[in-house]
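A.B. asks: There's a structure below that I have some questions on.
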Amino acid sequence: MTTESAATAGTTEKQISLPLSKAIEISFRSLRIRFWRSLITIGGIFFGIAFLMSILTSASINEALVEGGSPQVRALLEQKGADGDSATQQVWLVSLSLLVCVVGITNAMLMSVTERYREIGTMKCLGALDKFIIQLFVLESTFQGLVGSVGGVIMGCLFMLISMMTSYGWDPLVLFPV
Numbered sequence: 017m018t019t020e021s022a023a024t025a026g027t028t029e030k031q032i033s034l035p036l037s038k039a040i041e042i043s044f045r046s047l048r049i050r051f052w053r054s055l056i057t058i059g060g061i062f063f064g065i066a067f068l069m070s071i072l073t074s075a076s077i078n079e080a081l082v083e084g085g086s087p088q089v090r091a092l093l094e095q096k097g098a099d100g101d102s103a104t105q106q107v108w109l110v111s112l113s114l115l116v117c118v119v120g121i122t123n124a125m126l127m128s129v130t131e132r133y134r135e136i137g138t139m140k141c142l143g144a145l146d147k148f149i150i151q152l153f154v155l156e157s158t159f160q161g162l163v164g165s166v167g168g169v170i171m172g173c174l175f176m177l178i179s180m181m182t183s184y185g186w187d188p189l190v191l192f193p194v
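The following block contains the structure:
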């Protein structure tokens, strides 16, 4: 069966695909073209992850301070009611944070696909495979997710560490869980 006869039968034996490096290049170009919209998506991921990390960092530091902090710090923690029994509240806050991140990312990807249906149609008319188009969107969302997540983790940890240091002195930095 030749390629031509296979094409008339509705299938093709050999399909052309672009290398991954070209897909990455196209994805970066697309992110640059839609810079402000991408920045909004990255910001949503950033703040969701920063909130999550601030909650987790706060819980870890509080636990470390209760176990090994100075007597003055333990007294301050008891006055504030942060004695380590807030696990249920933390689970709800973490769940809410993750839900906000998932909804934000899903909404951003749906908007991106809806906004670019003409571009997708043009690529399909020029012979792009479904696999390649999906690969472009997955790469774009991966880049946005990585930038937002790494930035959010760093900012959430630093913000909460600085906040705890203003309340309890150097003990949070000394006892910071690694």
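Counting along the sequence shown from 1, when you hit position 74 you're at 90 in the working numbering, and nothing is skipped either side. Just so it is clear, CB atoms sit at the ideal spot from N, CA and C, and this is done for glycine as well. Computed from a predicted structure; not experimentally measured.
Since M69 and G164 are thought to touch, with beta carbons under 8 Å apart, how far apart are those beta carbons, to the nearest angstrom?
C.D. replies: Their Cβ separation, rounded to whole angstroms, is 12 Å, which puts M69 and G164 out of contact at 8 Å.
A.B. asks: I'd like the span of the alpha helix (DSSP H) that includes W108, first residue to last.
C.D. replies: 103-131
A.B. asks: Residues in its own chain within less than 8 Å of S33 by CB, not counting five upstream and five downstream?
C.D. replies: For S33, where only same-chain residues beyond five positions count, the Cβ hits under 8 Å are L145, K147, F148.
A.B. asks: Please go through the same chain and pick out, in chain order, the residues whose beta-carbon is closer than 6 Å to the beta-carbon of M17, but skip the five residues on each side of it.
C.D. replies: Its pLDDT being 35, under 50, M17 is placed unreliably by the model, and nothing is read from it.
A.B. asks: What did DSSP end up calling F175 once you bin it into helix, strand or coil?
C.D. replies: Of the three classes helix, strand and coil, the one that applies to F175 here is helix, per DSSP.
A.B. asks: Quick one: give me the first and last residue of the alpha helix (DSSP H) that R45 is part of.
C.D. replies: 36-49
A.B. asks: Could you please give the first and the last residue of the uninterrupted alpha helix (DSSP H) stretch that includes L189?
C.D. replies: 187-190
A.B. asks: For the structure I just gave you, are there three or more beta carbon pairs, one from the region 40-51 and one from the region 153-162, closer than 8 Å?
C.D. replies: yes
A.B. asks: When you compare the CB of Q106 with every CB in chain C, is at least one pair closer than 8 Å?
C.D. replies: The chain labelled as chain C is not found in the depicted structure, where only one protein chain is given.
A.B. asks: For A22 and L126, I'd like the C-alpha separation in whole angstroms.
C.D. replies: Low per-residue confidence applies at A22: pLDDT is 47, beneath 50, and the placement is therefore not dependable, though the value from the model is reported in the following sentence. The straight-line gap from Cα to Cα measures roughly 35 Å.
A.B. asks: Can you give the Cα-Cα distance for L162 and S128, rounded to whole angstroms?
C.D. replies: 18 Å
A.B. asks: What's the call for Q151, buried or exposed, on a 16-neighbour Cβ count within 10 Å?
C.D. replies: Here Q151 is buried. Its C-beta has 16 or more other C-beta atoms within 10 Å.
A.B. asks: What is the rounded straight-line gap between the Cα of E41 and the Cα of S76?
C.D. replies: Computed Cα separation, rounded: 40 Å.
A.B. asks: For A103, is the classification buried or exposed, using 16 other Cβ atoms within 10 angstroms of its Cβ as the cut-off for buried?
C.D. replies: Within 10 angstroms of the beta-carbon of A103 lie fewer than 16 other beta-carbons, which makes it exposed.
A.B. asks: Could you give the distance in angstroms between the alpha-carbon of E79 and the alpha-carbon of L177?
C.D. replies: 13 Å
A.B. asks: Report, in whole angstroms, the separation of the C-beta atoms of G168 and A66, which I expect to be a contact under 8 Å.
C.D. replies: About 4 Å separates the two Cβ atoms, so the contact holds.
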